[in-house]
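Residue numbers (the numbering used here), protein chains in the order written: chain R, 8 to 355; chain F, 69 to 555.
Structure (structure tokens):
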């Protein structure tokens, strides 16, 4: 088991390296750098000015060297201008040649400087992740229990009225992407035309002061889309368990139906949904980006949109590292948890 | 011109519909509660061997449900038929159902023909045995026909890009201030914030989805199958390497990938063209290997067949990837492609990048499914029999394993078209790829949501259109799964 986890961590590291290199390569293509120079410097810069701007800040070095500098295995680029201003990869506004570190990369714990927010990437990501973490927590608290309940109720009597109506419900939710359900919810519950002003259409205030009124709609929007899928998986696994031999034995020896469901079926039926829930995280990440844009909640997804829209290289890299980490860790947890929950599987 | 109301002169049906809907909801609730609370029916065996179930309260709830459902359906059909006959005098509902007349005709003809010949149509015919599959297929075909007829300018009432002054954010049914001769006199579903017709834009948006989504899914399947079959069949290093690559792409958050790939800057560097050049090779590879592995024992038949098929596909491939005589045309360098006089069609850069990225995002998932199926099926006896016969590995993969994996693959194909539709909407929602004035549903939702607290009508029609199409695809997949399991 220890070796298995170790090997998975190795693969994880390799994946993260490959992915960050891809992101690095794409953001460092010349047209993207040109856009960065024009948004940071001046929209009306000529081609030569753009080139000197990029040259001075070390953007025109070979990609591999720049990637090494970002990782922290190569010394950072530095250039002292004629007016004494220090430019380069490791500099911050106001820093001088003396207090600029020689290495500044991920290995040194320095995630870089965001060109959009004019702040340290590390602190931006931490703050935005805090916001999104709270959103995700609420989503999970709402989504997982209700999805499991829906799935178990639908799966315990296959083909019954309850099963059919709950299955229809879960198919409808899986067919409604966040940007559709969010728009419908906003239209129904917040607009002045319909008149049901139950909730607020934006979640901007929810960052400081989350209340039911301003925070429930974003949570519901993300939760619904993921819920249908988990519920269908739970239903499939529950119906499979309910046709198993030991359930029939339990029925024949006279155990009551609620007891069969609660004591005999539930634990075995919940193995498959567990992995599904874990693998659902990457999709939740997607939903978070859409919902944060839709409801103007300034979290991780919102930062992603801002960073990508303005080609903020270092913020984008940090964001991709975090999201890749989330995806791979949840995969690892799902594998380990699967082994733990299902004693028939052993990893050698 | 008078502004149209929703139902016009057929408003007498509204109270009836309300009653029927209330009855339907009530009977569904009673049906669900009844299935939990009421005791199961007693089944008695008659002396002659038949069984009868006692007609208890359960049957009563079933009957109530069925009749209230039928009443709702009959009323809906009534709205449509009266609408088709009366047109705009039956309000917005009538006008819209009249505009959709070609779609209704096509649907009726298709369903009548299919039901008449369903026993000879294989899996497609069996679909008509499952009500869920039929509803799903109906929804899907509704939007397919809408897309096709919309592209032929049959359904649309106005130019989807034209702005008419005085129609900004007007409510559904508003008449045009000064309609010209031959111009439709109303904005049936209102105007958006640039004074364009919401109804026509929704119809035109269907064509974009109907064009891109199935084709992109098919390409993703070709890529996934061509790589997934050998990965599952051979295993070993190849499998490890390909699975690592697939996991790499899957670990990317989709939206981040879109934001990196689908920008004008990336289009300018030619990266999408390179990706297109690589991804679109796979269908050719797939077809070549498919035909060669089957017919290589008969060279006199194989060689002309392959020359013909390869000639056509390579021509299509080259015209797909080359635009204005270049495969890649950036400021710094360019690569020559097919000369313009041989180029069959040009794909605009924006559409190409959307297409490529959607294929790119979907193919790893297909790869994983195909690989899993191949791993499972390669242990079967008929594969061992083929190996003993001395068949080549590609013959076994493409003519033994693939046909036996078709059930799950067809089901996943339907689901994946729905997912691709959602992805296309996501791209539009973030304003990526497609031009800003494009009438696709995602972009329209994105534009409409900005004024959502005041004006509902620009955002809701495309939202419901997308919802119903994806729902239809999901239901279709469910029906297909049910029917293919019965085999």
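Virtual Cβ for every residue (Gly too), placed ideally from N, Cα, C. Because the structure is a prediction, the values reported are computed rather than measured.
query: Contiguous beta strand (DSSP E) assignments of at least 3 residues, all confined to the stretch 76 to 133 of chain R; result: 85 to 87, 93 to 95
query: Chain-ordered neighbours of residue 422 of chain F on chain R, where CB pairs are closer than 9 angstroms; result: Correct list: empty, because the minimum Cβ distance to chain R is about 16 angstroms.
query: Interface flag, residue 208 of chain R vs chain F, CB-CB below 8 angstroms; result: yes
query: For residue 76 of chain F and residue 423 of chain F, the rounded distance between their alpha carbons; result: 43 angstroms
query: Proximity below 8 angstroms, CB of residue 209 of chain R to CB of residue 318 of chain R; result: no
query: Environment of residue 90 of chain R [buried if 16+ CB atoms lie within 10 Å]; result: exposed
query: For residue 347 of chain R, the three-state DSSP class (helix, strand or coil); result: helix
query: Members of the stretch 314 to 327 of chain F near chain R, C-beta cut-off 8 angstroms; result: 315, 316, 318, 319, 320, 321, 322, 323, 324, 327
query: Counterpart residues of residue 255 of chain F in DSSP-defined beta bridges; result: F:242
query: Contact check, residue 291 of chain F vs residue 427 of chain F, beta carbons under 8 angstroms; result: yes
query: Inter-residue Cα distance where the pair is residue 15 of chain R and residue 342 of chain R; result: 10 angstroms
query: Chain-ordered neighbours of residue 521 of chain F on chain R, where CB pairs are closer than 9 angstroms; result: 193, 194, 197, 198, 199, 200, 208
query: Coil, strand or helix - residue 198 of chain R by DSSP; result: coil
query: Closer than 8 angstroms to chain F by CB, residue 30 of chain R; result: yes
query: Residue-level contact to chain R via CB, residue 179 of chain F, 8 angstroms cutoff; result: no
query: Pairwise C-alpha distance: residue 144 of chain R and residue 154 of chain R; result: 15 angstroms
query: Residues that residue 403 of chain F bridges to, as DSSP identifies them; result: F:396
query: Buried or exposed by the 16-neighbour rule on C-beta atoms within 10 Å, applied to residue 301 of chain F; result: buried
query: Cβ contact (3+ pairs, closer than 8 angstroms) linking the stretch 161 to 181 of chain F and the stretch 220 to 229 of chain F; result: yes
query: Top-ranked residue by Cα proximity to residue 328 of chain R, from R:17, R:10, R:23; result: R:23
query: Where residue 116 of chain F falls, given that 16 or more other Cβ within 10 Å makes a residue buried; result: exposed
query: Contact the stretch 258 to 267 of chain F vs the stretch 296 to 313 of chain F: 3+ CB pairs below 8 angstroms; result: no
query: Beta-bridge partners of residue 480 of chain F, as assigned by DSSP; result: Paired residues: none, contrary to the question.
query: Residue-chain proximity (residue 221 of chain F, chain R), Cβ-Cβ < 8 angstroms; result: no
query: Chain F within 8 angstroms of residue 355 of chain R, Cβ atoms only; result: A caution first: residue 355 of chain R carries a pLDDT of 48, below 50, which makes its placement in the model unreliable, though a value can still be read off. No, residue 355 of chain R does not count as interfacial toward chain F.
query: With 16 other Cβ atoms within 10 Å as the buried cut-off, status of residue 355 of chain R; result: For residue 355 of chain R, the pLDDT reaches just 48, beneath the cut-off of 50, and the residue's location in the model is therefore unreliable, although a value from the coordinates is still provided. Exposed: under 16 other Cβ atoms inside 10 Å.
query: Sub-8 angstroms separation of residue 314 of chain R and residue 297 of chain R beta-carbons; result: no
query: Residue 4 of chain R - DSSP class collapsed to helix/strand/coil; result: Because chain R is modelled from 8 through 355, residue 4 of chain R falls outside the range shown and cannot be assessed.
query: According to DSSP, residues forming a beta bridge with residue 265 of chain F; result: F:259
query: CB contact check: residue 271 of chain F to chain R, cutoff 8 angstroms; result: no
query: Partner residues on chain F for residue 340 of chain R, Cβ-Cβ distance less than 7 angstroms; result: Residues of chain F passing the Cβ test: none, with the nearest at roughly 15 angstroms.
query: Spatial distance of residue 320 of chain R from residue 279 of chain R (CA atoms); result: 39 angstroms
query: Residues that residue 391 of chain F bridges to, as DSSP identifies them; result: F:394
query: Test item: CB-CB of residue 241 of chain R and residue 165 of chain R under 8 angstroms; result: no
query: Within-8 angstroms CB hit, residue 336 of chain R to chain F; result: no
query: Assigned secondary structure, residue 355 of chain R (DSSP; H/G/I helix, E/B strand, else coil); result: Because the pLDDT of residue 355 of chain R is 48, which lies under 50, any placement of that residue in the model is unreliable, and the number read from its coordinates should be weighed accordingly. Of the three classes helix, strand and coil, the one that applies to residue 355 of chain R here is coil, per DSSP.
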